[in-house]
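Q: Below: one structure in structure tokens.
Residue numbers (this note's numbering): 13 to 394.
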């Protein structure tokens with residue numbers, strides 16, 4: 013009888029121990045983080061990403077949790093994974109940037125955060141939990157994914173308005189008309205005129221794209237976003253006032269166009285063009301002359317992108333390409349109209365002269381709207 017009881021007791025104790033072990037095994041498994049739970053996305057040339065990588069170099073927390081790191085600029089697989097996971101999170105592309113961290117909990121929920129400081133702070137807290145033997149899945153600075161993206165920042169609207177204000181400036185029209193008039197009068201060839209106009213526009217596009225890359229790289233190191241946005245907003249307001257002034261009092265005081273002292277040199281350069289390749293080379297030089305009257309909206313938009321962390325990641329490059337394509341679009345249109353005989357240089361020049369004041373007013377109103385949005389993003393909409 014005693015032997016029977018002992019056997020029953022042994023089975024009971026064994027079952028109890030197995031149950032406890034199974035329970036704690038599950039709890040332990042739930043507390044563990046699989047190597048695919050932490051996915052970190054970064055981009056080549058991103059200064060904020062560099063800060064996170066410098067943090068990882070000073071600690072081994074990334075190795076402890078099996079962090080998976082993906083570069084999205086040059087790695088197509090990493091880029092596609094990033095886009096897929098962003099879609100799963102319910103985020104729009106204009107809501108994300110690099111560096112970007114996505115965490116999957118044991119329950120299957122996805123969390124995310126972006127920016128160097130939030131990511132570094134998250135891993136610092138995570139490291140404390142690991143060292144203390146706590147469950148390592150800290151949710152510090154993490155936001156849960158959503159089914160539908162909301163509160164989208166209309167960056168595309170901002171870019172379109174800035175690029176439109178930039179593209180309709182009288183300087184670009186005057187320069188393109190002078191170039192086409194010079195080529196057409198010398199070569200008498202519409203094909204040659206077409207190629208010259210296209211290459212000239214492409215040179216402006218390349219020059220401004222490279223300028224944008226430089227400005228975004230510089231702004232990527234900015235620490236005080238509030239000051240940067242205020243600077244962009246005030247700069248935009250000054251441009252708006254200056255352009256609206258040109259509508260009411262054109263030619264008085266100063267004009268938001270190429271400085272008068274620069275114009276003879278610029279005209280001499282353009283009138284020296286004799287070939288399509290020459291038009292491309294001169295286009296790079298002339299882009300410098302256009303900066304005083306065309307760089308204002310560009311710098312304002314770049315400043316806002318920089319303050320939003322949209323530095324040289326995938327979206328940063330796409331935004332630059334889109335902006336500059338819109339910027340040179342009127343140049344391409346003028347080239348096609350003149351080259352195919354739809355309109356003449358003289359007619360377009362008269363049209364430009366007739367509506368110069370109105371163009372300045374439109375630019376001023378667009379810049380005013382852009383500035384109000386940038387400043388308002390600090391207080392009313394985020």
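The beta-carbon is built from N, C-alpha and C at its ideal position, and this holds for glycine as well.
1. Kindly list the residues whose CB is nearer than 7 Å to the CB of residue 382, restricted to its own chain and excluding five residues on each side of it in sequence; keep chain order.
2. Answer yes if the stretch 200-216 comes into contact with the stretch 361-379, meaning at least three C-beta pairs across the two stretches below 8 Å, and no otherwise.
3. Grab me the residues of residue 94's own chain with a C-beta within less than 6 Å of its C-beta, minus the 5 sequence neighbours each way, in chain order.
4. Give the single residue among 74, 63 and 82 whose Cα lies nearest to the Cα of residue 128.
5. Rank 103, 126 and 101 by C-alpha distance to the C-alpha of residue 60 and give the top, closest one.
6. Where does residue 113 fall in DSSP's three states?
7. How would you label residue 178, buried or exposed, when you count the other beta carbons within 10 angstroms and need 16 or more for buried?
8. Let me make sure I understand the geometry here. Which of 294, 70 and 51 has the alpha-carbon closest to that of residue 114?
9. What residues match up with residue 125 in a beta bridge as DSSP calls it?
10. Run through the DSSP bridge pairs and tell me what residue 54 is partnered with.
11. Tell me the start and end of each unbroken alpha helix (DSSP H) in the stretch 291-358 that is at least 4 residues and wholly inside, in chain order.
12. At the 8 Å Cβ level, is residue 380 part of the contact set with chain C, yes or no?
13. Using 10 angstroms around the beta-carbon of residue 86, count the other beta-carbons present and answer buried if the total reaches 16, otherwise exposed.
14. Considering only the beta carbon of each residue, do residue 189 and residue 360 sit closer than 8 Å?
15. If we count the other Cβ atoms within 10 Å of its Cβ and call it buried at 16 or more, is residue 292 buried or exposed?
16. Could you name the residues of the same chain whose beta carbon sits closer than 6 Å to that of residue 216, not counting the 5 residues immediately before and after it, in chain order?
17. Whole angstroms is fine: what's the gap from residue 240's alpha carbon to residue 231's?
18. Thinking C-alpha only, which one of 55, 214 and 384 is nearest residue 242?
A: Walking through what the data contain:
1. 170, 173, 174, 248 and 312
2. no
3. 53 and 84
4. 63
5. 126
6. strand
7. buried
8. 51
9. 113
10. 83
11. 326-351
12. Note that chain C does not occur in the displayed structure, where there is just one protein chain.
13. exposed
14. yes
15. buried
16. 295, 299 and 340
17. 9 Å
18. 384
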